[in-house]
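> Numbering (the numbering used here), first residue to last: 583 to 1199. Got a structure for you, written out below as structure tokens; questions coming shortly.
What follows is the structure, given as structure tokens:
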């Protein structure tokens, strides 16, 4: 938000402009205001105080929108927070929103019996009780703020995320040095994964013990075969991530890290140690993330932690102090390597605080057919048809649960009639299902003009067993014509890929009806084990629907048919709504509507839906 408020993304000069203030506290003292492109820090109180209060004066501006309404002012807390993070990094001092917080973090002695870690013992400068600033530091900070605001949007967002994580790591140092250490590694990993290039992993990057054992065995076979095996092993994902991490950090480590920046540092890192020390830091982070395994105990000792490197059993290990200096160095070099832009074209409205992106409710877009009438790629048509198929089933479920109206789909179904002959088989199936269900459920005066002719001509498509055709049969006839084994195979295939981006999505109501119907098929054919397995699954899936669960449990106890014919009644009858049946959060948002849809405010309403009792007619 701080970058948005700078105005670099605005194309017009007509803006809402507000002069605002915020309050910050720091262990950094300066004799006068610190003016930057993002705001001015004005000290309040005595210069010699251990904690200095600052008034942050800044401009919050936002571009005016055409027409009535629009946002006038937003994001003040985010602006102050981002300025705080940039100040923390730029001045290498502790900045907080509360005076007591700064005093606590910058304490020089334990404040309670359980006070195991004092941040000032592990980190230089940041937690010094009182830092008296210099003109050079202030000027570098002003230059850094100018550079940060000018960064490309993606880089700026990554920087703020990394600085937030860095700030949290320093805060966590009060309680858990192992977690704080891992969080510093996460900072480097985040930049690496977003902006690093993937190098080729080397055999030397493999764990030394594992590599030595493999070398012994590989020496016994043909050298060419051994090379092939090594190449295969080097494709391992974790090793590739580690190689990317190492190359990014080392690539952003300049000679000054070992020269001018190492002056006055107690046992600084040497170039020959850096790669192996980084490997060990990466290993610490992995062991802590997966096993909560603590790092070397010696690194937790304050006297050892004053150095940057600790050697143990011929291995170099970065202390928290050493890792922090490396993180700050890499951050600075990375930022300096990025371009600076006074203006940038960017859709900034989606980044405003409080904006939540949700899927558009189906009734606002499934009926729209204009996009399907335009020339389209195979991928676009497939996505448009599949999204409307999923949206229709979701909308139908909601109509059944709430006894509400369906959206008028005749314009969409007429378009389906038009493009049906030249569409692939899968798309035709996904078009035919909503076509049949809509025209068989809706009252006659709301049906498509040619629905009987169209359905009679193409209904043979549903002769093949599929999830789509089973749902149609279950909704309209309460049964399906296929044997248990064939239907179960189709359902299992659906269940395996249900979370694929291109999968169809059965709403809870219809899937529950299908699972119970499958269980009854299994029971009828003597497959009692499968019957019980499916009912167990149904009970778990019906979490919160005690009435349905009780009926399924009773059926399984007596080994009788499960109540699949009563699913609509059981799950749509209670008021208030049954737990677990709440629809997914939806919002009308044009940018989040499925491909090929333009969201309008009011969908057309179809004539009445036939009662659920007449679905079988």
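All C-beta atoms, glycine included, are put in the ideal place defined by N, C-alpha and C.
Since residue 916 and residue 834 are thought to touch, with beta carbons under 8 Å apart, how far apart are those beta carbons, to the nearest angstrom?
For this step, residue 916 is matched to residue 334 along the chain shown. For this step, residue 834 is matched to residue 252 along the chain shown. Right, their Cβ atoms sit about 5 Å apart.
> To the nearest angstrom, how far is the alpha carbon of residue 931 from that of residue 735?
Working through the chain shown from its first residue, we reach residue 931 at position 349. Working through the chain shown from its first residue, we reach residue 735 at position 153. Their Cα atoms are separated by approximately 13 Å.
> Looking only at its own chain, which residues have a Cβ that is under 6 Å from the Cβ of residue 1159, when we skip the five neighbours before and after it?
For the purposes of this step, residue 1159 is identified with residue 577 of the chain shown, where counting begins at 1. Residue confidence for residue 1159 is low, a pLDDT of 40 falling below 50, so the modelled location carries little weight; the figure read from the coordinates is stated next. Correct list: empty, nothing qualifies.
> What three-state label does DSSP hand residue 1005 in the structure shown?
Numbered from its first residue, the chain shown carries residue 1005 at position 423. It is coil, neither helix nor strand.
> Less than 8 Å between the beta carbons of residue 905 and residue 863, yes or no?
Mapped onto the chain shown, residue 905 falls at position 323. Mapped onto the chain shown, residue 863 falls at position 281. Yes, Cβ-Cβ distance for residue 905 and residue 863 is below 8 Å.
> I need the straight-line Cα distance from residue 728 to residue 620, nearest angstrom please.
What you label residue 728 is simply residue 146 of the chain shown in a count that begins at 1. What you label residue 620 is simply residue 38 of the chain shown in a count that begins at 1. Taking the straight line from one Cα to the other gives about 8 Å.
> Answer yes or no: do residue 884 and residue 656 have a C-beta to C-beta separation smaller than 8 Å?
Reading the chain shown from its first residue, position 302 is the one you call residue 884. Reading the chain shown from its first residue, position 74 is the one you call residue 656. Not closer than 8 Å, so no.
> Report the rounded CA-to-CA distance for residue 1224 versus residue 757, giving the unit in angstroms.
Look at the range of the chain in this structure, 583 to 1199, and you will see that residue 1224 is not part of it.
> Please classify residue 714 as buried or exposed, where buried requires at least 16 neighbouring CB atoms within 10 angstroms.
Taking the first residue of the chain shown as position 1, residue 714 is located at position 132. Exposed, by the Cβ-count rule.
> Buried or exposed: which applies to residue 1107, given that a residue is buried once 16 or more other Cβ atoms fall within 10 Å of its Cβ?
Residue 1107 sits at position 525 when you count from the first residue of the chain shown. Answer is exposed; the Cβ neighbour count stays below 16.
> Can you tell me whether residue 659 is buried or exposed, with buried defined as 16 or more other CB within 10 angstroms of its CB?
Translated into the one-based positions of the chain shown, residue 659 becomes position 77. Classification for residue 659: exposed.
> Please list the segments of the alpha helix (DSSP H) lying wholly inside the region 706-770, counting only runs of 4 or more residues, in order along the chain.
Taking only runs of at least 4 residues, the alpha helix (DSSP H) segments lying wholly in the region 706-770 are 717-732 and 735-754.
> Residue 1136 and residue 1130 - do their beta-carbons sit closer together than 8 Å?
For the purposes of this step, residue 1130 is taken as residue 548 along the chain shown, with counting starting at 1. For the purposes of this step, residue 1136 is taken as residue 554 along the chain shown, with counting starting at 1. Cβ distance not < 8 Å, so residue 1130 and residue 1136 don't count as in contact.
> For residue 677, list the residues DSSP reports as bridge partners.
Your numbering for residue 677 matches position 95 in the chain shown. Beta-bridge pairing links residue 677 to 608.
> Among all the DSSP beta bridges, which residues are the ones paired with residue 1059?
As a position in the chain shown, residue 1059 is number 477, starting the count at 1. None, per the DSSP bridge assignment.
> Helix, strand or coil, according to DSSP, for residue 834 in the structure here?
The residue given as residue 834 occupies position 252 in the chain shown. Reduced to three states, the DSSP call for residue 834 is coil.
> Taking contact to mean 3 or more Cβ pairs, one atom from each stretch, closer than 8 Å, check whether the region 1075-1089 and the region 1097-1106 are in contact.
Output reads no: the region 1097-1106 does not touch the region 1075-1089.
> Cα separation between residue 1091 and residue 929?
Position 509 of the chain shown, counted from the start, is the residue given in the question as residue 1091. Position 347 of the chain shown, counted from the start, is the residue given in the question as residue 929. Taking the straight line joining both Cα atoms gives about 39 Å.
> To the nearest angstrom, how far is the alpha carbon of residue 595 from that of residue 854?
Reading the chain shown from its first residue, position 13 is the one you call residue 595. Reading the chain shown from its first residue, position 272 is the one you call residue 854. So the alpha carbons of these two residues sit roughly 54 Å apart.
> Excluding the five sequence neighbours on either side, which residues of its own chain have a C-beta within less than 8 Å of the C-beta of residue 909, listed in chain order?
Counting from 1 along the chain shown, the entry for residue 909 is found at position 327. 748, 766, 769 and 770.
> Using 8 Å as the Cβ pair cut-off and three pairs as the minimum, do the region 694-714 and the region 672-679 touch?
Counting Cβ pairs under 8 Å, three or more are found: they touch.
> So, using beta-carbon positions, are residue 973 and residue 944 closer together than 8 Å?
One-based indexing of the chain shown puts residue 973 at position 391. One-based indexing of the chain shown puts residue 944 at position 362. Yes, the pair counts as a contact, with Cβ atoms nearer than the cut-off.
> Determine the direct distance from the alpha carbon of residue 1008 to that of residue 996, and round the result to whole angstroms.
As a position in the chain shown, residue 996 is number 414, starting the count at 1. As a position in the chain shown, residue 1008 is number 426, starting the count at 1. Those two C-alpha atoms are separated by around 18 Å.
> Three-state secondary structure (DSSP) at residue 594?
Taking the first residue of the chain shown as 1, we reach residue 594 at position 12. Coil.
> Under 8 Å between the Cβ atoms of residue 869 and residue 901?
As a position in the chain shown, residue 869 is number 287, starting the count at 1. As a position in the chain shown, residue 901 is number 319, starting the count at 1. No. Outside cutoff.
> If you draw a straight line from the C-alpha of residue 1171 to the C-alpha of residue 937, how long is it?
Counting from one through the chain shown, the residue named residue 1171 turns up at place 589. Counting from one through the chain shown, the residue named residue 937 turns up at place 355. Confidence at residue 1171 is low in this model, with a pLDDT of 36, below 50, so the placement of that residue is unreliable and no value is reported for it.
> In three-state terms, what does DSSP make of residue 899?
Here residue 899 is taken as the residue at index 317 of the chain shown, counted from 1. The answer is strand: DSSP assigns residue 899 an E or B state.
> Quick one: residues in its chain with C-beta nearer than 7 Å to the C-beta of residue 737, no 5 flanking neighbours on either side, listed in chain order?
Position 155 of the chain shown, counting from 1, holds the residue named residue 737. Excluding positions up to five away in sequence, the list reads 920.
> Looking at C-beta atoms only, is the number of pairs between the region 1070-1081 and the region 960-968 that lie closer than 8 Å three or more?
Taking 8 Å as the limit for Cβ pairs, the verdict is that the region 960-968 does not touch the region 1070-1081.
> For the putative contact between residue 903 and residue 887, defined by C-beta atoms under 8 Å, what is the C-beta separation to the nearest angstrom?
Start at 1 with the first residue of the chain shown, and residue 903 comes out as number 321. Start at 1 with the first residue of the chain shown, and residue 887 comes out as number 305. So it is a contact: roughly 6 Å between Cβ atoms.
> How many angstroms separate the CA atom of residue 865 from the CA atom of residue 773?
What you label residue 865 is simply residue 283 of the chain shown in a count that begins at 1. What you label residue 773 is simply residue 191 of the chain shown in a count that begins at 1. Whole-angstrom Cα-Cα distance: 18 Å.
> Any contact of the region 1045-1056 with the region 1027-1037, i.e. 3+ C-beta pairs under 8 Å?
At 8 Å Cβ cutoff, the stretches do not touch.
> Roughly how many angstroms separate the alpha carbons of residue 589 and residue 643, rounded to a whole number?
Here residue 589 corresponds to residue number 7 of the chain shown, with the count starting at 1. Here residue 643 corresponds to residue number 61 of the chain shown, with the count starting at 1. Cα-Cα distance, rounded: 7 Å.
> Under the rule that 16 or more other beta-carbon atoms within 10 Å means buried, what is residue 794, buried or exposed?
If you number the chain shown from 1, residue 794 lands on position 212. It is exposed - the Cβ of residue 794 has fewer than 16 other Cβ atoms within 10 Å.
> Quick check on the burial criterion: 16 or more other C-beta atoms within 10 angstroms. Buried or exposed for residue 809?
Walking along the chain shown from the start, residue 809 turns up at place 227. Exposed is the call here.
> Work out the CA separation of residue 1064 and residue 1161 for me, nearest whole Å.
Within the chain shown, residue 1161 is the residue found at index 579, counting from 1. Within the chain shown, residue 1064 is the residue found at index 482, counting from 1. Any answer about residue 1161 is weak, because its pLDDT of 38 lies below 50 and its placement is not dependable; what the coordinates show is given next. Looking at the two C-alpha atoms, the distance is approximately 33 Å.
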